[in-house]
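To start, the structure under review is shown below, and the notes come after it.
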Amino acid sequence: MTKPNSWSSREQSLLLLNAYLDNELDAASVLDVEQRLASDPALRVEHERLVQLRHALASQLAGERTSDDLRRRIAAIADTPRAPEAPPDNVVPFTKRPARVYGWQHMAAAAALAAVVAGVGTFGLVREDLGSSEIAAIVTDHRRALLAAAPFDIASSDRHTVKPWFDSKLALSPQVFDLSSTGFPLAGGRVEILDGKPVPVLVYQRRAHVISVVAAPRGGQEKTSEPSRVSTHDGYSVIEWHGRDFDYFAVSDLAEPELVEFVQLWRQEAGDR
Amino acid sequence: MDDRQLFSEAVLPHIDAALSLARWITSDRADAEDVLQEACIRAFRAIASARNADARAWLLAIVRNTAMTWIAKNRPKTVVTTDDEATFERAGLGMVEQQASPEELLIEKADAEQLHSAIAALPLQYREVLVLREIEELSYQEISKVLSIPMGTVMSRLARARNLLIQRIGMAGKGKAGAA
Numbered sequence: 001m002t003k004p005n006s007w008s009s010r011e012q013s014l015l016l017l018n019a020y021l022d023n024e025l026d027a028a029s030v031l032d033v034e035q036r037l038a039s040d041p042a043l044r045v046e047h048e049r050l051v052q053l054r055h056a057l058a059s060q061l062a063g064e065r066t067s068d069d070l071r072r073r074i075a076a077i078a079d080t081p082r083a084p085e086a087p088p089d090n091v092v093p094f095t096k097r098p099a100r101v102y103g104w105q106h107m108a109a110a111a112a113l114a115a116v117v118a119g120v121g122t123f124g125l126v127r128e129d130l131g132s133s134e135i136a137a138i139v140t141d142h143r144r145a146l147l148a149a150a151p152f153d154i155a156s157s158d159r160h161t162v163k164p165w166f167d168s169k170l171a172l173s174p175q176v177f178d179l180s181s182t183g184f185p186l187a188g189g190r191v192e193i194l195d196g197k198p199v200p201v202l203v204y205q206r207r208a209h210v211i212s213v214v215a216a217p218r219g220g221q222e223k224t225s226e227p228s229r230v231s232t233h234d235g236y237s238v239i240e241w242h243g244r245d246f247d248y249f250a251v252s253d254l255a256e257p258e259l260v261e262f263v264q265l266w267r268q269e270a271g272d273r
Numbered sequence: 001m002d003d004r005q006l007f008s009e010a011v012l013p014h015i016d017a018a019l020s021l022a023r024w025i026t027s028d029r030a031d032a033e034d035v036l037q038e039a040c041i042r043a044f045r046a047i048a049s050a051r052n053a054d055a056r057a058w059l060l061a062i063v064r065n066t067a068m069t070w071i072a073k074n075r076p077k078t079v080v081t082t083d084d085e086a087t088f089e090r091a092g093l094g095m096v097e098q099q100a101s102p103e104e105l106l107i108e109k110a111d112a113e114q115l116h117s118a119i120a121a122l123p124l125q126y127r128e129v130l131v132l133r134e135i136e137e138l139s140y141q142e143i144s145k146v147l148s149i150p151m152g153t154v155m156s157r158l159a160r161a162r163n164l165l166i167q168r169i170g171m172a173g174k175g176k177a178g179a180a
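Line order of the protein sequences matches chains A and B.
At position 159 of the first sequence (counting the first as 1) the number is 159 in this note's numbering, and the numbers step up by one without a gap.
At position 29 of the second sequence (counting the first as 1) the number is 29 in this note's numbering, and the numbers step up by one without a gap.
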């Protein structure tokens with residue numbers, strides 16, 4: 001039996017094999033898998049197992065069927081007049097992220113924030129309204145975390161500990177990088193409630209300062225290289241940028257140029273630009 | 001198209017699929033019905049976002065998120081926490097070698113009950129990926145959107161989920177053969 005020459009190549013083979021069976025590979029990779037199958041009896045055994053599993057699942061598992069009663073009750077949902085309510089926050093946008101539509105209350109709040117920003121007189125990369133209530137909530141959470149015994153729920157400088165912790169806690173996987181080589185060590189992570197839903201927050205340290213990076217999930221969003229947006233709130237700098245599947249907000253009492261530097265390093269790590 | 005019509009075209013055709021997903025996540029038919037109903041109410045509130053979307057995947061995403069909220073509220077302890085994903089995941093792919101001989105391929109003979117309990121025993125994050133792929137037949141890309149996780153994570157979770165199933169069923173099958 002051909003032994004796989006290394007762990008990573010074995011894992012790679014299994015991933016490819018699964019994707020091959022799911023018709024998710026491009027033509028070149030299909031060819032590659034078929035060649036590997038031809039030359040590797042151990043891989044053929046894996047293949048046979050996966051095919052069997054698929055057959056077993058397809059033949060044995062029946063889907064659920066809703067009862068007529070339940071179906072009627074669900075159909076009746078559309079008969080009730082719809083409350084003029086915002087969409088629930090657990091709806092994943094399946095098209096491009098829709099432009100935010102602000103009601104007049106938001107506009108008023110944004111205007112108030114703009115006045116604060118103008119008064120403080122700081123300068124950002126691109127300065128614009130970020131949906132001010134979100135920013136205010138993020139800054140409040142950050143301040144509350146600073147008052148707590150520790151600004152994180154899990155203390156670890158190892159991203160391989162922090163990332164799975166979020167994954168298991170929230171079933172969300174934001175990107176996590178340790179930037180200690182450039183002076184921003186990862187300190188841990190915590191969970192905050194933003195807009196009524198739990199979101200992961202990464203915690204970094206810079207000397208005695210704490211940086212919170214809030215990762216608000218935006219389903220299926222491609223990462224972009226568009227510039228980060230800077231604002232201030234109650235003396236805290238907040239920088240927002242769009243990453244892969246998440247909108248990120250970095251907040252800190254650090255001087256703004258240092259926070260800008262942090263975000264640039266972070267985005268470089270993420271391959272944003 | 002008005003909201004009512006959109007609801008009956010985007011939601012109603014997919015409620016069987018939606019109920020299956022809720023059933024696999026909550027492991028209970030009655031709970032799944034509650035989740036489905038709650039999810040449909042949410043779907044109707046957000047019905048405008050079903051326009052220009054793949055309605056099935058859109059509804060499944062709402063159901064999945066509603067079910068996760070439900071679980072966090074009603075069964076906080078079932079959400080498995082692992083402090084060391086690396087160890088956990090290595091366990092997933094590493095044990096294959098030990099039962100590599102073809103004569104032990106009993107997977108095809110597994111009955112519905114065995115499969116059900118093997119799937120139910122999977123960690124939630126693996127189970128939902130498996131169910132979205134094998135039962136709901138979504139593409140990797142659709143799964144990635146429904147769960148808000150990268151495609152690479154979909155691939156690795158799916159591979160590990162299947163691997164865990166094969167191990168479990170293989171072991172159960174061996175036990176049976178030994179007893180006979």
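Glycine included, every Cβ here is placed at the ideal spot set by N, Cα and C.
Spatial neighbours of residue i in its chain, beta-carbon cut-off 7 Å, leaving aside the 5 residues before and after
i: B/R133; result: I143, L158
i: A/R274; result: Absent from the structure is residue 274 of chain A, since the part of chain A shown begins at 1 and ends at 273.
i: A/R36; result: S13, L43
i: B/Q5; result: none
i: B/R42; result: I62, T66
i: B/I166; result: I107
i: B/Y126; result: R157, R160, A161, L164
Proximity of residue i and residue j at Cβ, strictly below 8 Å
i: A/S180; j: A/H209; result: no
i: A/F246; j: A/A270; result: no
i: A/S173; j: B/T153; result: yes
i: A/E192; j: A/V230; result: no
i: A/R73; j: B/I15; result: no
i: B/M68; j: A/A171; result: yes
i: A/Q60; j: B/I107; result: no
Three-state class that DSSP yields for residue i in the structure shown
i: B/R162; result: helix
i: A/E192; result: strand
i: A/P217; result: strand
i: A/S212; result: strand
i: B/L263; result: This structure does not reach residue 263 of chain B, given that chain B is present from 1 up to 180, and the question cannot be answered.
i: A/A277; result: Limits of chain A in this structure are 1 at one end and 273 at the other, which puts residue 277 of chain A out of reach.
i: B/I71; result: helix
i: A/V51; result: helix
i: A/A62; result: coil
i: A/A187; result: strand
i: A/E85; result: Because the pLDDT of A/E85 is 47, which lies under 50, any placement of that residue in the model is unreliable, and the question is left without a value.
i: A/R155; result: Residue 155 of chain A is actually Ala in this sequence, not Arg. Strand.
i: A/D22; result: coil
i: B/T153; result: helix
Close-in-space but distant-in-sequence residues of the same chain around residue i (CB under 6 Å, 5 per side omitted)
i: A/L21; result: L50
i: A/F184; result: Y204, R206, F262
i: B/V63; result: A18, L21, A22, A39
i: A/S156; result: V162, G188
Residue i at chain A interface by Cβ criterion, 8 Å
i: B/A120; result: no
i: B/A67; result: no
i: B/E9; result: no
i: B/S27; result: no
i: B/Y126; result: no
i: B/I166; result: yes
Interface flag, residue i vs chain B, CB-CB below 8 Å
i: A/R159; result: no
i: A/L70; result: yes
i: A/R267; result: no
i: A/G196; result: no
i: A/S173; result: yes
i: A/Q12; result: no
8 Å Cβ shell around residue i - same chain, five flanking residues per side excluded
i: A/D195; result: D89, E134, A137, A216
i: A/L254; result: R206, H209, I211, S237, F262
i: B/D111; result: none
i: A/L265; result: L179, T182, F184
i: B/V146; result: A57, L60, A61, R64, L132, L138
i: B/V119; result: Looking at the sequence provided, one finds Ile at residue 119 of chain B rather than Val. Excluding residues within five positions, the ones whose Cβ falls inside 8 Å are W24, R127, L130, V131, L165.
i: A/L146; result: V210
The alpha helix (DSSP H) enclosing residue i, as first and last residue numbers
i: B/T26; result: 15-26
i: A/E240; result: That residue, A/E240, is in no alpha helix (DSSP H); its beta strand (DSSP E) goes 236-242.
i: A/D69; result: 68-77
i: A/S29; result: 27-39
i: A/P174; result: Careful: A/P174 lies outside any alpha helix (DSSP H) and carries neither H nor E.
i: B/V35; result: 29-45
i: B/V146; result: 140-147
i: B/D3; result: 3-10
Residue span of the beta strand (DSSP E) that contains residue i, given as start and end
i: A/Q205; result: 197-206
i: A/T232; result: 229-233
i: A/S252; result: 246-252
Neighbouring residues, chain D, relative to residue i (Cβ below 8 Å)
i: B/I135; result: You won't find chain D in this structure, because its protein chains are A and B.
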